[in-house]
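K.L.:
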Amino acid sequence: MAKFYAYLSFENAKESMDYYKDVFGATLLQRMPMDENMAKEWGLPTDNLENTTIHGGFVVLGNTIFCSDRTRDGEPFSSSVTVMLDFNSEDAEDVAALDSLYKKVTESGVEIIDPLKEQFWGGKMGIIKDKYGLVWMFHAQPYSKLQ
Numbered sequence: 001m002a003k004f005y006a007y008l009s010f011e012n013a014k015e016s017m018d019y020y021k022d023v024f025g026a027t028l029l030q031r032m033p034m035d036e037n038m039a040k041e042w043g044l045p046t047d048n049l050e051n052t053t054i055h056g057g058f059v060v061l062g063n064t065i066f067c068s069d070r071t072r073d074g075e076p077f078s079s080s081v082t083v084m085l086d087f088n089s090e091d092a093e094d095v096a097a098l099d100s101l102y103k104k105v106t107e108s109g110v111e112i113i114d115p116l117k118e119q120f121w122g123g124k125m126g127i128i129k130d131k132y133g134l135v136w137m138f139h140a141q142p143y144s145k146l147q
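Numbering (the UniProt record's numbering), first residue to last: 1 to 147.
See the structure below:
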């Protein structure tokens, strides 16, 4: 069965992956630097290739996010929600993980767009923008009510 993953492009994915490791507690899945032949083929500089990322990935609370360097002209992230981490509000361990991660992330100096708080649907929600402009929604909902 196919799986769905977020795939993000950064100006410097290696630096970004280190940031998510430090701030979000991400574990690094992999990071592959661009090789000289590929850089030449794409018309990119061939110096400092060890700091480039043609494909990488990291894991936040069991969720894999893949990434690479933005090698072509491309738009930076939009101001809309880019990534949502969803938790089961009926599971005490999930709620504790949500609260702990949100606290750690917001203490790092990110922009808080909407503080984490209880919502009318019986869950919690908070939205932040990280230093790269990526907008994260921290969300919990009662999974027993999902259809």
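We treat Cβ as the ideally placed atom computed from N, Cα and C, and that holds for glycine.
Please read these numbers as outputs of a predicted model, since none were measured by experiment.
1) List, from N- to C-terminal side, the alpha helix (DSSP H) runs of 4 residues or more that fit wholly inside the UniProt domain "PhnB-like" (6–136).
2) Does the separation of the CB atoms of Lys129 and Glu107 fall below 7 Å?
3) Residues bridged to Phe138 by DSSP?
4) Rank Val60, Arg70, Gly122, Thr64 by C-alpha distance to the C-alpha of Asn88 and give the top, closest one.
5) Give a yes or no on contact between the region 55–62 and the region 12–32, applying the rule of three or more CB pairs nearer than 8 Å.
6) With distances taken Cα to Cα, identify the nearest neighbour of Val83 among Ala96, Phe66, Glu15, Asp99.
7) Please report how far the alpha carbon of Met137 lies from the alpha carbon of Trp42, in whole angstroms.
P.N.:
Let me lay it out:
1) 13–24, 36–41, 92–106
2) no
3) Leu85, Gly126
4) Gly122
5) yes
6) Phe66
7) 35 Å
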